[in-house]
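Protein chains in written order, with this note's numbering: chain A, 227 to 334; chain B, 33 to 589.
Even glycine gets a Cβ: it sits at the ideal position worked out from N, Cα and C.
On a predicted model such as this, the values are computed, not experimentally measured, just so you know.
All remarks here apply to the structure that follows.
Here's what the structure looks like:
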């Protein structure tokens, strides 16, 4: 952790960091998690903003006493479960194999 | 039927039963703790439970750490009193897990060892960054601890049926509250000091099972009462609340529209946005949650544990919806506020009412109240143990070992200091809690989230993803976010200048919002950026190491 890395170690990390394989891994990962973070944040922000400024719309009754606000809230639950599942599937298919390969090479 | 608090006979049944059940929980968890202490030999055992937990176990334990008194007592109470607005909390608390899942959990597990600071200080100068991280860990944990203790205090007076003028074992209501807080504090110290992370994790798992079962039972009974017709439940809740349809819409508690006072309406709405931001960004900055990721062997299992946690926590929040609206419909707002102004006792009161309906009158009510109250106590106890562990770990591992001893402390020494720190932090939390009794528990936790999101999250994200980030940036981010959040809370209506403030007789507030997040979180990010660009330091070798290790898991502890 806090120990200094000897020069050869540092060179090893730099070499991996600059390799095409690692760059591709980082790009794939960031290409998923950053846009996804922005997407769910905006979706959540929309919900909070509507709760603050669109009370009439949120109070519209759909079925019986179930209104838009409740459905919108439950959709936030649904989207959270969905994104979590989606990410785990994405990572297992597109991240884990490459990460394992690079790690195995480093451990040689 | 009289839904006001029970008659004397059932109060005493309930009281005895709650105390018995609670003592059984304490006995079981203490046995686990002692068993765990025999297996706790190294620092890794104490701080990270030996890193041997499975994804499901840690998922349960995360649920145990996260579903605090705020979630169970606080949210149910807010929904019961203000309807839809309480649900906003559940949503923010849940969506927040995506930040932890996508941006933090796996990277942290791969590159850190015991504490949040391991990642923050990875490529920085150790001593200043670890000091800062330690300070912010303690501050966030203490805010959170106060919330839990207030919940315990509110619960005890309901449970023991102590009201003004009534005494129990010679104690009046206030003395009993203080006694409970001290008892809870003492137990949490034992769990942490004796059991370390291993003991604490098992306590969380037991608690999560109890809490999920209790909430499931109550949800089932509420829905059964309405023949599984959600619309009928909502309709009855709205009717009983006396607020009609507005009870089912946002706006009774947050973003309140005050006719003729545009400024007040404006600030109230901004306060709602502020709360929303703090909730969603706070989770991934909570030290006691971050340290949970170290208890599993690999980052992939950390990912699995977050997935389990999202499933468990999400399900639980769906239950709280039924509990809150159920309490509004079956107990009624008046009976709830008569017991606890902030609504913290709505869930146990609902338990009593459900017990009376389904399990044979007052005795049944007393029994279910006792069970749910014991579950709530277990909840509080487990969460305070988790918080105390996280902050004492930071004191020992970050401050003592790296700052005081400059990395030359032995493992035994470190663990000894962690145990002493647990005592001190426990004592401070006990003392502060006594002043915060009038505040809603969920609301207090929202403040802890705001402080975590302002002080910790910017530094964590910059550390992991911004190559240029450096020591100066980390210090600016942590102190800038932390200080701005705390200063704004101190000058907010939460501390002074309102009827429900911590110091209601005084008024020094000038900040109009009760949650500082909307100002202090962007300020935390801004400070981190300013601090970084004004310093030339930049260790690109260490960043290469951090990046490679955090993405691949190479060299992970």
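Cβ neighbours of residue 97(B) within its own chain (closer than 7 Å, five residues either side excluded): 236, 320, 321, 324, 415, 418. Taking the C-beta atoms as reference points, residue 358(B) is found nearer than 8 Å to residue 265(B). Closest by C-alpha distance to residue 586(B), out of 138(B), 365(B), 563(B), 82(B), is 138(B).
Residue-level contact by beta carbon holds for residue 308(B) and chain A, with a gap shorter than 8 Å. Taking a contact to require three or more Cβ pairs closer than 8 Å, the stretch 406-415 of chain B and the stretch 152-162 of chain B do not qualify as touching. In the DSSP annotation of this structure, the continuous segment of the alpha helix (DSSP H) that includes residue 329(A) starts and ends at 322-333. Annotated as distal: residue 231(B) and residue 209(B), with beta-carbon spacing of 8 Å or more.
Nearest to residue 530(B) by alpha-carbon distance, out of 518(B), 398(B), 543(B), is 543(B).
Counted as a single uninterrupted DSSP element, the beta strand (DSSP E) harbouring residue 289(A) occupies residues 287-289. Taking a Cβ-Cβ threshold of 8 Å, none of the residues of chain A is close to residue 275(B); the smallest such distance is about 12 Å. Here the C-alpha atom of residue 294(A) lies approximately 24 Å from the C-alpha atom of residue 252(B). Residues of chain A with a Cβ closer than 9 Å to the Cβ of residue 287(B) are, in chain order, 277, 278, 279, 281. Residues of chain A whose Cβ lies closer than 8 Å to the Cβ of residue 114(B) do not exist; the shortest such Cβ separation is about 13 Å.
Using a 10 angstroms sphere on the CB of residue 334(A), the tally of other CB atoms stays under 16, which defines it as exposed. For residue 236(A), the C-beta contacts it makes with chain B under 9 Å involve 573, 574, 576, 577, in order along the chain. Listed along the chain, the chain A residues whose CB falls inside 8 Å of the CB of residue 586(B) are 328, 329, 332, 333. Between residue 320(A) and chain B, the shortest Cβ-Cβ separation is not below 8 Å.
The beta carbon of residue 53(B) sits closer than 7 Å to the beta carbons of 402, 403, 406 from its chain, once the five residues preceding and following it are set aside; these are given in chain order.
Neighbours of residue 283(B) across chain A, judged by C-beta separation under 7 Å: 281. Contacts with chain B at 8 Å (Cβ-Cβ) include residue 309(A). Taking all protein chains shown into account, residue 74(B) has fewer than 16 neighbouring C-beta atoms within 10 Å of its C-beta and is therefore exposed.
Looking at the DSSP output, residue 528(B) bridges to 535(B). Boundaries of the alpha helix (DSSP H) harbouring residue 503(B): 503-522, taken from the DSSP string.
Residue 143(B) and residue 310(A) have their C-alpha atoms spaced approximately 22 Å apart. Using a Cβ-Cβ cut-off of 8 Å, residue 252(A) is close to 579, 583 of chain B, given in chain order. Taking 8 Å as the cut-off, the Cβ atoms of residue 68(B) and residue 286(B) do not count as close. In the structure shown, the three-state DSSP call for residue 156(B) is coil. Cβ contact annotation for residue 284(A) (same chain, cutoff 8 Å, sequence separation greater than five): 276, 277, 293, 294, 295, 298, in chain order. For residue 181(B), the three-state secondary structure derived from DSSP is helix. Selection 465(B), 536(B), 582(B), 589(B) evaluated against residue 212(B) yields 465(B) as nearest (Cα-Cα). In this structure, the beta-carbon distance from residue 361(B) to residue 272(B) falls below 8 Å. Legend: CB atoms of the stretch 94-124 of chain B lying less than 7 Å from CB atoms of chain A belong to residues 116, 119, 120, 123.
Annotated three-state conformation of residue 547(B) is coil, per DSSP. Residue burial is scored here from C-beta neighbours: residue 537(B) has fewer than 16 other C-beta atoms within 10 angstroms and is therefore classed as exposed. For the options 421(B), 482(B), 487(B), 119(B), the alpha carbon positioned closest to that of residue 458(B) is the one of 421(B). A straight line joining the alpha-carbon of residue 255(B) with that of residue 353(B) spans about 11 Å.
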